[in-house]
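Under our numbering, think of the first position of the sequence shown as 4, with each following residue one higher.
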Amino acid sequence: MSTSSAFNDEKGGSSSVGEPEYGHDPASGGIFSSDYKRHDDLKEMLDSNKDSLKLEAMKRIVAMIARGKNASDLFPAVVKNVACKNIEVKKLVYVYLVRYAEEQQDLALLSISTFQRGLKDPNQLIRASALRVLSSIRVTIIVPIMMLAIKEAASDMSPYVRKTAAHAIPKLYSLDPEQKDQLIEVIEKLLADKTTLVAGSVVMAFEEVCPERIDLIHKNYRKLCNLLIDVEEWGQVVIINMLTRYARTQFLNPNINESLLEEGGGGDKKFYASDEDEDEDEEKDKKAEAVTMAKRKPYVMDPDHRLLLRNTKPLLQSRNAAVVMAVAQLYFHLAPKAEVGVIAKALVRLLRSHSEVQYVVLQNVATMTIKRRGMFEPYLKSFYIRSTDPTQIKILKLEVLTNLANETNISTILREFQTYIKSMDKDFVAATIQAIGRCATNIGEVRDTCLNGLVQLLSNRDELVVAESVVVIKKLLQMQPEKHSDIIKHMAKLTDNIQVPMARASILWLIGEYCEHVPKIAPDVLRKMAKSFTNEEDIVKLQIINLAAKLYLTNSKQTKLLTQYVLNLAKYDQNYDIRDRARFIRQLIVPTEKSGALSKYAKKLFLALKPAPVLESPFKDRDHFQLGSLSHLLNAKAGGYQELPDWPEAAPDPSVRNVEVKESVPEWTKCSSREKRKEKKVEKPFYSDSEGESGATESADSESDSASGSESGSEDSRSGSESDESKEASESEEEEEEDLKTKKNKEKPLKKPVQESESEQSSEEEVRKPERKSKQSKSDSESESESESESESSESESEDSEDSEPELKKKKKGAPSKPAFKATKKDNKKEKKEMSLLDLDDFEPAPSPQVTPVNSFLSNSLVTDLEGLSLSDSALMPATIAPSSALKSYELLHRITGEGLSVEYCFSRQPFITDANMVAVQVHFTNNSTSDTKSLHMEDVKLQSGMRVKEFPEIELLPAGETATAVMGIDFCDSTQTANFQLCTHTRKFFVSIQPPVGELMRPFFMTENEFKKEQGQLMGMNEITEKLILDVKCRNEHAIVQKVTTAANLSRVPCGSDKECRFAGRTVTSSSLVLVTVATKDQGAAQLTVNCEKMVIGTMLVKDILLALTQ
4 MSTSSAFNDE KGGSSSVGEP EYGHDPASGG IFSSDYKRHD DLKEMLDSNK
54 DSLKLEAMKR IVAMIARGKN ASDLFPAVVK NVACKNIEVK KLVYVYLVRY
104 AEEQQDLALL SISTFQRGLK DPNQLIRASA LRVLSSIRVT IIVPIMMLAI
154 KEAASDMSPY VRKTAAHAIP KLYSLDPEQK DQLIEVIEKL LADKTTLVAG
204 SVVMAFEEVC PERIDLIHKN YRKLCNLLID VEEWGQVVII NMLTRYARTQ
254 FLNPNINESL LEEGGGGDKK FYASDEDEDE DEEKDKKAEA VTMAKRKPYV
304 MDPDHRLLLR NTKPLLQSRN AAVVMAVAQL YFHLAPKAEV GVIAKALVRL
354 LRSHSEVQYV VLQNVATMTI KRRGMFEPYL KSFYIRSTDP TQIKILKLEV
404 LTNLANETNI STILREFQTY IKSMDKDFVA ATIQAIGRCA TNIGEVRDTC
454 LNGLVQLLSN RDELVVAESV VVIKKLLQMQ PEKHSDIIKH MAKLTDNIQV
504 PMARASILWL IGEYCEHVPK IAPDVLRKMA KSFTNEEDIV KLQIINLAAK
554 LYLTNSKQTK LLTQYVLNLA KYDQNYDIRD RARFIRQLIV PTEKSGALSK
604 YAKKLFLALK PAPVLESPFK DRDHFQLGSL SHLLNAKAGG YQELPDWPEA
654 APDPSVRNVE VKESVPEWTK CSSREKRKEK KVEKPFYSDS EGESGATESA
704 DSESDSASGS ESGSEDSRSG SESDESKEAS ESEEEEEEDL KTKKNKEKPL
754 KKPVQESESE QSSEEEVRKP ERKSKQSKSD SESESESESE SESSESESED
804 SEDSEPELKK KKKGAPSKPA FKATKKDNKK EKKEMSLLDL DDFEPAPSPQ
854 VTPVNSFLSN SLVTDLEGLS LSDSALMPAT IAPSSALKSY ELLHRITGEG
904 LSVEYCFSRQ PFITDANMVA VQVHFTNNST SDTKSLHMED VKLQSGMRVK
954 EFPEIELLPA GETATAVMGI DFCDSTQTAN FQLCTHTRKF FVSIQPPVGE
1004 LMRPFFMTEN EFKKEQGQLM GMNEITEKLI LDVKCRNEHA IVQKVTTAAN
1054 LSRVPCGSDK ECRFAGRTVT SSSLVLVTVA TKDQGAAQLT VNCEKMVIGT
1104 MLVKDILLAL TQ
């Protein structure tokens, strides 16, 4: 340790072994001292026999390299230790060699045999480091050795070594491009690797060596899509960019029909189109439209295209800005228009990052807003400028705000611009004024407002503001000069004050161009300008000459001498441009004997009608570069940039992506993988092939089986039953068809009274009960029947009892409102059983799940909704509907707690007449006691903020054994919070609460299929929740799905052209927020549930309720 301490003393610090080395203070004079001694000490430590000293020396050397110091003179001493047996030393030696092997190639070559031995080392880190050093020695002699090492490493057991082999491939390719064919074989082998560690690196090698060999990707496409979520962040960026280009060559344009319409549908009239051309344009439009309609075919998205979109979507939540940007560009270039909106929120989130990230993101957003303005409009305020933003960020945000401006938000944006003009940042102020000009050009309604605002800026103290305003006003005035002669006069007066050359030139050009509108002022301006001609800037002088020429042609009496004077001054000017212009204009306008043929047309040449300039965004044509690329940022093709291919006209063969090995294609082997899993009973991997994407908000587009989110335990437990169902799907479908036929036959004679039809239905249900309950234990049901006198029962027993006899429960609830039900009694045994079940249910707080009969989900508001179903007309007559028995009842007050008074409530799904924003709640009172109940009313209502209650009218008398019904209204504020109140009689007060299921917070809303699709397209991203599910065996036909969904939620059916889809629509009662539900069925009972809702919380809860209804 003596050498180490000597080294420390010499360094001038008292740091112990292992502490970092700190630089000297430059003022100490150490900057001039030589450091050969220190390196001598390091060399001594490296030559030592002690591994601890070698390790200490290597740590110090690597620390020097990290601080940017040159340690190349230590190369011979370090390279000797490459054969050291201590692994820690060896690792650091390899770190050093990777850094300096390229500079000291001759010395590195001497140790090449050691590196080759290192490739066989049992430690994977040493093998990888040896390969890294070997590939860093850039000498063509060792190319064969490198090639052999890469091939061996590509077959290594360790994925880390295989990853290093992938990194070495581009190095070898740049050293010797002739090795390309052999390297492609290695890339092909590594592309088939199933580990996430290798995927990103090998795709990078593919991009460097053979990006044109797209055939190598075909077989690995689905695997890369599925692995994407687990690859490291920079690998994700590389893979996403590669897959973007791949998808552009293999799939059809999802917006093909829209783009055809845009091309052929004949857009607006050209900006400067004359009126005579209109008829021709109309004929062309009609022809083009016919051609477009002939071209149009219904677009069906390739499942692999959908797989890519679905598996990249969760990455929008990545912490790495580059990953989010890569996914955003992928969606922009590949996704259907309706789905691109999901990227907006993610990109807006990145605006909270560092200014460098903001700059890149805003560049891309500015390009996106030109074509897809709508998706960023909701986030307008995120682009407001902060005083702390750097100038380039301010200007980009200004660009985005200008692109987003439309008739609805222009007033807000102009108010913002007014504030920006007061900024101290002159470049930013100038850009703001230009932005105001662009808004005025694009939106005709605010043109006059903008002009007036800009004219007011002409009196600003800041000369730059005035100058920029003049330039913009000049462009705006060109559109309607005859209306604004006052502004031209006002600007003519400014020539005395404004000194900025560009502004002076703009004013002179305006006066010359529209001199006929200001005939008195124009000659006077020329007089003033002639005085100061010699002192003006060149750009102003040229405009003075132009003004003189135009006035000479229109008003030669007053300006002839002035023009000659100006031309004479210009003749001897120092600038040759001005001398040439003067000579040319004199010959053109002043008639002489030598005048050519052109002088006749001088007036037409000078005073020709000039089109107004079109103020366009500088980002208009940038989208031909791939978004997120350096070329897009620079707006110029950078080295190594690969063009984004055009969409193919016909889709290439999708079968090229099919892989023979079944396990690697989860989407096509759903059943087989499940059966295998069941047979082997192995634990599922973290991202299994057969599970659905879990998490309501993240599983947006889940159609295939690969999961992108984390698993939940409930999915594990459910997987067994899912596999059973998938096996028995074909059998159950046949049974359903037979059931449906028998049901239809039974439903034809539905002109009987409701009681009979319901009792038939209930008996039919009871016949089916044993089939459903075959797996339940008999002991449970026995213990339930015996526990008549017990005051408490377990939850499991009460749930079983509810499942086993829901019809009896329903009868009990229906009895008070429909006395006819009492006539249809069962035998004594049934009655006894009913009593026992009621007693069991006495203390069950949760309402029992009912098995609703076929017509039980009908309500008056849904009658028109069910015309497409196989129900006879009689079932649709409002008179035959019994809402009290058809709707699910909930217990408000139990008869034991209420001392003989039992109260139930149901949501009648009828509009509440007093207030449309309230949910109608039907309350049903039954007096089971022997005495009369008086003065039934509500008191002490306790509600969450915003909620309201309309109390039911007081019931003065409820005789013993009688029933009464009242209706109350509750505004739940679109939430499932409880309404708490006291239910009072003449003697007692009972604390009760009403909590609505989320499905009762909405009312049906009728819309067409097109309206549905349009609204659905606007509710994408965070407003869309998608879940995949396996339908219950009895719920695999359209009729059953409609029944289940409309029972779970008060929605109306939307007509749909596809028999594989059921659509429903509604609006929330309080805020009228739209709720759209789609159930898309697939083979073997699989289905996808999509809920689009403006209120995300309601959407999330509704998904759970409908899932429960469809899977039970």
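For every residue, glycine included, the Cβ atom is placed at its ideal position computed from N, Cα and C.
Since we're looking at a predicted model, the values are computed, not measured.
Where residue i and residue j are concerned, what is the direct C-alpha to C-alpha distance, given to the nearest angstrom?
i	j	result
N638	E419	29 Å
I548	M494	19 Å
L647	I396	27 Å
V757	L1079	With a pLDDT of only 42 at V757, under the threshold of 50, the placement of this residue in the model should not be trusted; the figure read from the coordinates follows. In a straight line, the C-alpha of V757 is about 32 Å away from that of L1079.
R389	T422	11 Å
E1097	C976	14 Å
V922	F915	6 Å
L1113	E1003	17 Å
R898	V1036	38 Å
K563	G515	15 Å
N558	S358	57 Å
A703	R1070	Its pLDDT being 38, under 50, A703 is placed unreliably by the model, and the measurement read from it follows with that caveat. Rounded to whole angstroms, A703 to R1070 spans 22 Å at the Cα level.
E91	I232	33 Å
I187	C213	7 Å
L1054	Q1019	15 Å
I190	F209	7 Å
Is the distance from the Cβ of residue i to the Cβ of residue j below 7 Å?
i	j	result
L513	K544	no
V327	T372	no
I490	V458	yes
V906	A969	no
E466	V432	no
C1065	V1082	yes
L311	L227	no
I140	A111	yes
S138	K94	no
R375	V343	yes
V136	A171	no
F254	H336	no
A611	Q481	no
T405	R441	yes
I1044	G1088	no
T1029	T1073	no
N983	K945	yes
For residue i, write down the residues that DSSP places opposite it in a beta bridge.
i	result
C1065	V1082
N1095	E1027, L1079
M1005	T1071
Can you find a heavy atom of the ligand SAM that lies under 6 Å from the Cβ of residue i?
i	result
E155	In the structure on display, the ligand SAM does not appear, and there are no ligands present to speak of.
In chain order, what residues of the same chain have a beta carbon less than 7 Å from the beta carbon of residue i, not counting five sequence neighbours either side?
i	result
Q998	T979, T981
R165	A156, A157, D159, L193, D196, V201
E448	E410
R248	Q645, L647, P648
V770	The predicted position of V770 is uncertain, since its pLDDT is 41 and thus under 50; a value taken from the coordinates is nonetheless stated next. Once the five neighbours on either side are set aside, V770 has no close Cβ partner at all.
V368	L350, F379, V403
Might you give, ordered along the chain, the residues of its own chain that have their beta carbon closer than 8 Å to the beta carbon of residue i, omitting 5 neighbours on each side?
i	result
H989	T936, K937, S938
Y575	R582
Quick one: what's got a C-beta closer than 6 Å to residue i's C-beta in the same chain, skipping five residues either side?
i	result
H627	none
Do we get a CB-CB distance below 7 Å when we pair residue i with the residues of chain B?
i	result
T117	In summary, chain B is missing from the structure at hand, where a single protein chain is found.
Residue ranges of each beta strand (DSSP E) run of no fewer than 3 residues wholly in the region 891 to 979, ordered along the chain? 892 to 896, 904 to 914, 922 to 930, 936 to 945, 951 to 953, 958 to 961, 966 to 974
Where in the region 169 to 229 do unbroken runs of the alpha helix (DSSP H), each at least 4 residues long, occur, reported from the N-terminal end onward? 183 to 194, 199 to 212, 218 to 221
At 4 residues or longer, what runs of the alpha helix (DSSP H) sit wholly inside the region 64 to 128? 78 to 82, 90 to 103, 108 to 113, 115 to 121
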